[in-house]
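Accompanying notes for the structure given below.
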Amino acid sequence: MEAGNLHTSEPVHLSERLAQIASWILPQSRVADIGGDHGWLLLAVAQKGLLGQGIIGEVNKGPFENAAGRIQAYGLGKRIDVRLGDGLFVLQDEEVDQVVIAGMGGALITSILEAGKTKLTSVKRLVLQPNIGGHRVRQWLVANQWKLVHEEIIYDAEIYYEMIVAERGTEDIYENQPIPRLILERIGPFLWRNRDPLLLAKMREELAQMKKVYGQLSHGQSQQATERRGKLEKEMEIWEQVMRWLSEEQS
């Protein structure tokens with residue numbers, strides 16, 4: 369507690385999604401939570417005595433001010449630094465061991481990693497939670513010599529979330545699999561290999577979304593719409609085949 373100030377000691381309770389993300393933060397590491405928004409993730413880790421040093425990066429002034437105020441309210445201003453800035457550019461070189469980017473689309477996560485990859489030289493682990501477009505994240509990781517070490521699906525507030533954990537390496541988990549690589553990138557190779565118990569339900573939801581898009585495209589007469597329909601048809605066939613395999617294994 370900082371001298372002259374009264375701070376709250378109220379326990380931090382994380383959602384299921386954030387709790388799972390927190391479980392993959394290496395104890396006593398220097399962690400950057402990019403797009404940390406409310407600041408709860410690093411607050412919870414620090415409150416358990418498991419945080420070395422923390423940095424919360426926020427590109428928007430409102431969330432930045434909210435997080436900064438909350439960190440001060442908990443008396444953790446010396447342990448967690450809140451910075452206003454774009455992506456990984458809030459970091460100094462070799463300042464952190466681990467980076468968390470959660471609650472964004474896969475395309476945005478990928479663009480943040482690509483734009484700031486020179487800031488990752490000291491980073492040992494990435495914990496990434498794309499809301500959509502997880503395949504984009506997986507493709508970037510392989511292209512930039514990061515290997516997947518864990519994937520899981522989190523069901524929180526009636527939404528399925530993917531969590532992807534990666535460390536440095538070149539192991540190609542996509543080799544010798546019965547599913548085309550592009551589909552496996554969409555499904556998640558660890559989710560498939562480990563038969564994540566929520567994978568089938570998540571795939572059903574995504575197949576329903578594909579069918580909805582296919583129905584919308586059926587009204588289009590352009591060459592682009594026709595090509596998109598053909599691609600979707602093939603993808604849905606593979607999706608349904610994989611779902612049959614999973615259903616048979618679980619029955």
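So for the sequence shown, my numbering puts the first residue at 369; every next one is plus one. In this text, a Cβ means the ideal position worked out from N, Cα and C, and glycines have one as well. The model shown is predicted, which means the values in this text are computed figures rather than measured ones.
Contact check, residue i vs residue j, beta carbons under 8 Å
i, j, result
"tryptophan 456", "glycine 484", "It is leucine, not tryptophan, that sits at residue 456 in the sequence shown. Yes, these two residues count as a Cβ contact at 8 Å."
"isoleucine 389", "glutamine 497", "yes"
"alanine 414", "leucine 444", "yes"
"leucine 614", "proline 557", "no"
"glutamate 384", "isoleucine 522", "yes"
"alanine 412", "valine 380", "yes"
"arginine 504", "alanine 475", "yes"
"methionine 604", "leucine 568", "no"
"leucine 600", "valine 581", "yes"
"proline 431", "aspartate 454", "no"
"proline 395", "leucine 409", "no"
"glutamate 519", "leucine 559", "yes"
"arginine 438", "glutamine 421", "no"
Cβ neighbour criterion (16 or more within 10 Å) applied to residue i
i, result
"glycine 407", "buried"
"alanine 576", "exposed"
"valine 464", "buried"
"glutamate 530", "buried"
"arginine 493", "buried"
Three-way DSSP call (helix, strand, coil) for residue i in this model
i, result
"glycine 598", "helix"
"alanine 470", "strand"
"lysine 492", "coil"
"glutamine 584", "helix"
"glycine 455", "helix"
"glutamine 402", "According to the sequence shown, residue 402 is isoleucine rather than glutamine. Reduced to three states, the DSSP call for isoleucine 402 is strand."
"leucine 411", "helix"
"isoleucine 547", "coil"
For residue i, the nearest candidate out of the options (CA to CA)
i, options, result
"glycine 502", "Ile532, Ala412 and Lys570", "Ile532"
"glutamate 526", "Leu566, Asp461, Leu488 and Val495", "Leu566"
"valine 510", "Arg451, Met604, Glu482 and Ala441", "Glu482"
"serine 490", "Pro431, His518, Gln460 and Ala475", "Gln460"
"valine 467", "Gln589, Glu535, Glu574 and Arg563", "Glu535"
"leucine 452", "Lys602, Glu462 and Ala436", "Ala436"
"tryptophan 512", "Thr538, Trp392, Leu559 and Arg398", "It is asparagine, not tryptophan, that sits at residue 512 in the sequence shown. For the residues Thr538, Trp392, Leu559 and Arg398, the minimum Cα distance to asparagine 512 belongs to Thr538."
"glycine 425", "Gln396, Trp508, Leu394 and Asn434", "Asn434"
"tryptophan 392", "His587, Glu574, Asp524 and Val495", "Val495"
Short CB-CB distance (under 8 Å) between residue i and chain C
i, result
"threonine 489", "Given the protein chain composition of this structure (a single chain), no chain C is represented."
Expected contact under 8 Å - CB spacing of residue i and residue j to nearest Å
i, j, result
"isoleucine 480", "isoleucine 402", "6 Å"
"tryptophan 514", "threonine 478", "In fact, because the Cβ distance is near 12 Å, the residues do not count as touching under 8 Å."
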